[in-house]
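J.: Read top to bottom, the protein sequences are chains A and B. In terms of the numbering used here, the first sequence opens at residue -13 and continues consecutively. In terms of the numbering used here, the second sequence opens at residue 361 and continues consecutively.
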Amino acid sequence: MTTHPSGAVLALFAGGELGSVLRWRVERHVAACSECRREVSEFSELRAAVPVIMEPPEISWTKLAAEMKANIRLGLEAGECVNGGRSVRHGVFSVRALAVCGSLALLLVAFLLERPTPRVEPVEVSEPAFLESSVSGIQVKSGDQSIILLNTRARDARDVNYLASGNAMRARYVDTETGYVTINNVYAQ
Amino acid sequence: MRSKVAGLILAGAIALCGEETKLDPRTSIQINFPPDSPVLQLSTNVDESRATPRGGAVVVDLHMSLSLRNAGSRNIRGVTLLVTAQEVTPGGKASVAVPSLDVAPGQSFPVRIDLRLLRPLQAGGGPLVRVSLDGVLFDGFDFYGPNRLNSRRAMTVWEMEAQRDRQHFKSVLAAAGPEGLRREMLDSLARQADRPRIDVRVSRGGRAVSSVGSPEHMARFAFLKLPDSPVEAVDGWAGVAANEARTPTIQVVNRSSKPVDYVEIGWLVKDPQGHEFLAGSVPAAEGDLFLPPGRTGRVLQDTALRFSRNAGEPVSIASMTGFVSQVEFADGKVWVPNRLALQLSGLLRVVAPSPEEQRLAEIYRTKGLNAVVEELRKP
């Protein structure tokens, strides 16, 4: 090879994509030509860097499929408008059918890829329910849940009479507003 | 379904707002009275009720004021409402009872329900609280209601105690005049103030409350014998470890001529310093006891009780005493100790006053002696 190979040939050579005869000829030229050797070297470095630069961003297949489906539908509707409601030729129909089938297939793949994994809730070993009296009232508590009947309408905490009876607890006081005796009970089952 | 959706919307609103949310009574509370109920619901006010997020949970402060009317033909002596919040405590329930009433037909009366729920933010939909009628007691001990909480017996006991104590104070008024009644009222208020109190925590089954790290021993009950009691407690024991007692078991004998199907034993505990207090009561399990005359039976509760005072200071158990506090016969009639027996046995200073005595003492404290005299003159 007396003349320098073109840049495209050198790029293909750098990527190992030339046929065997042409590769042998370029190889001989590059071995003797420092200018072309430098150019091949630059192509090689660039090629090494390209995969990093060109790495595709994370794709939401569901979103992509939805957009594609919407675009296809839009295109079909636009076509209908342009045709003015004329009957569709078989050839065109086949293309549309293919597009729809393709998008459905894409949707299916997207669904399979994005299929949500069923969450398994952790099994909580809850503390058995218990009854308790406090200054504010009586409560039945089970794990992190509770129900408290409050003595807020008693005149004073000392005016409340508590009694534990079997699986129930009772608080009795006179409601300061109504004057009636109120008896609150909570039960643990 | 609509209420479920509304409940979910409420939970969502609480979560999004991150602050107090006013409760909507239409979606957060469900009130069901039977169609033939002798008590009608006139109005419901929940204006002060709030839901507040706390971490992954929500605290619901429900302050409900119900206005009810006696739609029957007899005076009402007591009402019990059943309150359920199934999503909070599966199987857990509560009730609010108002005894010592005297509501004539056509009259209205208020019932207040104040409760606090702590539940997960993500809990399912549906009303937070359901309120229904469990029972109404009329003059002459007639009863109406589903009685799911055995409110018939409880309200009958309160009414019998009320009649007993009203009769006592009427006798004092007749014998010693207003000044004698004043002394009785002052004595009642003093007893209520001086009555030893204790905090109790109850859990079902064995030693589930806590591990006290102290060896358990079987402690025997001593018993107070009340002269006219139709049932006598003859033996009893409980597992005791430091400030915990579990599975009280008491043998009783029916000394009356009528079959008995329910007995409740009052349970007194004395600490090492000699302070005696009412620890609770041991009721016979529903449907478990049937005592023909002369027969012996057993009252047993599979519960564990832990005693403390002054916000957690354990109270050790030195000794235990039991007494028969109520008996229900198979015909539905109820026995309660008489006033003299309570006084002579010393129980009057340990057990809580009856609801009626508590009400009369409060009338004396807030309105004076004449108001009590006027109250006692009512039939």
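Ideal placement from N, C-alpha and C gives every residue a C-beta, glycine not left out. Treat the numbers as computed from the prediction; the structure is a model and nothing was measured.
Let me know the secondary structure DSSP gives B/Asp631 once reduced to three states.
T.: Look at B/Asp631 here: in three-state DSSP terms it is coil, with no helix or strand label.
J.: If you follow the beta strand (DSSP E) that B/Asn730 is in, where does it begin and where does it stop?
T.: Careful: B/Asn730 lies outside any beta strand (DSSP E), inside the alpha helix (DSSP H) at 729 to 737.
J.: Do three or more CB pairs link the region 696 to 706 of chain B to the region 654 to 666 of chain B at distances below 8 Å?
T.: no
J.: The beta strand (DSSP E) with B/Pro636 in it runs from where to where?
T.: It should be pointed out that residue 636 of chain B corresponds to Glu in this sequence rather than to Pro. 636 to 643 is the extent of the beta strand (DSSP E) around B/Glu636.
J.: Can you tell me whether B/Glu521 is helix, strand or coil according to DSSP?
T.: Helix, per DSSP.
J.: Where does B/Pro480 fall in DSSP's three states?
T.: strand
J.: Does any residue of chain B bring its CB to less than 8 Å from the CB of A/Met155?
T.: yes
J.: Could you confirm whether any beta carbon from chain D is found closer than 8 Å to the beta carbon of B/Pro715?
T.: You won't find chain D in this structure, because its protein chains are A and B.
J.: In angstroms, rounded to a whole number, what distance separates the CA positions of B/Ser571 and B/Gln633?
T.: Note on B/Ser571: pLDDT 47, under 50, position unreliable in the model; no value is reported.
J.: Whole angstroms is fine: what's the gap from A/Leu94's alpha carbon to A/Ala(-6)'s?
T.: 41 Å
J.: Can you name the start and end residues of the beta strand (DSSP E) that B/Glu592 belongs to?
T.: 591 to 601
J.: Of all Cβ atoms in chain A, is any one closer than 8 Å to the Cβ of B/Glu380?
T.: no
J.: Going by Cα to Cα distance, which pick from B/Arg551, B/Phe501, B/Leu497, B/Thr663 is closest to B/Ser563?
T.: The shortest Cα separation from B/Ser563 among B/Arg551, B/Phe501, B/Leu497, B/Thr663 belongs to B/Thr663.
J.: Where do the N-terminal and C-terminal ends of the beta strand (DSSP E) with B/Gly423 fall, by residue?
T.: Just to set this straight, residue 423 of chain B is His in the shown sequence, not Gly. Unbroken beta strand (DSSP E) run through B/His423: 417 to 430.
J.: Would you give the residue range spanned by the beta strand (DSSP E) that B/Leu402 belongs to?
T.: Run containing B/Leu402: 399 to 405, per the beta strand (DSSP E) assignment.
J.: If you draw a straight line from the alpha carbon of B/Ala534 to that of B/Arg542, how long is it in whole angstroms?
T.: 13 Å
J.: Ignore the nearest five residues each way along the sequence and tell me which others in A/Leu4's own chain have a CB closer than 8 Å to its CB.
T.: Val(-5), Leu(-2), Val12
J.: So if I threshold CB-CB distances at 7 Å, which residues from the region 112 to 130 of chain A count as touching chain B?
T.: Cβ contacts with chain B: Pro114, Ala115, Phe116, Leu117, Glu118, Ser119, Val126, Ser128, Asp130.
J.: Quickly, what does DSSP pair A/Glu21 with across the bridge? List them, please.
T.: A/Glu21 is not bridged to any residue.
J.: So what does B/Met680 bridge to, in DSSP terms?
T.: B/Phe581, B/Val629
J.: Note the first and the last residue of the continuous alpha helix (DSSP H) segment covering A/Ser151.
T.: Per DSSP, A/Ser151 belongs to no alpha helix (DSSP H); it is in the beta strand (DSSP E), 147 to 151.
J.: For A/Ala150 and chain B, any beta-carbon pair shorter than 8 Å?
T.: yes
J.: Can you check which of these residues, A/Val167, A/Ser151, A/Glu163, A/Thr162, is closest to B/Arg561 by C-alpha distance?
T.: A/Ser151
J.: Sort B/Val489, B/Ile473, B/Asp559 by Cα distance to A/Tyr148 and report the nearest one.
T.: When only C-alpha atoms are compared, the closest one is B/Asp559.
J.: Of the residues B/Thr387, B/Ser492, B/Val406, which one's Cα is nearest the Cα of B/Gly486?
T.: B/Thr387
J.: Does any CB atom of chain A fall closer than 8 Å to the CB of B/Leu461?
T.: So, interface residue.
J.: Does B/Ala568 get closer than 8 Å to chain A when you measure Cβ to Cβ?
T.: For B/Ala568, the predicted structure reports a pLDDT of 44, less than 50, and the residue's modelled location is therefore unreliable. The matter cannot be settled from this model.
J.: Less than 6 Å between C-beta atoms, sequence neighbours within five positions excluded: which residues of the same chain meet that for B/Arg472?
T.: These residues qualify, in order along the chain: Ser425.
J.: Only counting the same chain, and skipping five residues up and downstream in sequence, which positions put a Cβ closer than 7 Å to that of A/Lys127?
T.: So the list reads Ala115, Phe116, Glu118, once near-sequence residues are dropped.
J.: Considering only the beta carbon of each residue, do A/Asn137 and A/Ala154 sit closer than 8 Å?
T.: no
J.: Alpha carbon to alpha carbon, what distance is there between B/Asp407 and B/Asp421?
T.: B/Asp407 has its alpha-carbon roughly 11 Å from the corresponding atom of B/Asp421.
J.: Could you tell me whether any Cβ in chain B is nearer than 8 Å to the Cβ of A/Asn170?
T.: yes
J.: Should the region 613 to 627 of chain B be regarded as contacting the region 635 to 654 of chain B, the criterion being three or more beta carbon pairs within less than 8 Å?
T.: yes
J.: B/Val456 versus chain A: which residues are under 9 Å apart at the beta carbon?
T.: Leu135, Thr168, Ile169, Asn170, Asn171
J.: Run through chain B and tell me which residues come within less than 9 Å of A/Val86, C-beta to C-beta.
T.: Those do not exist, as A/Val86 stays about 36 Å from chain B at its closest Cβ, beyond 9 Å.
J.: Return the first residue and the last residue of the beta strand (DSSP E) that B/Val612 is part of.
T.: Where B/Val612 is concerned, the enclosing beta strand (DSSP E) stretches over 604 to 614.
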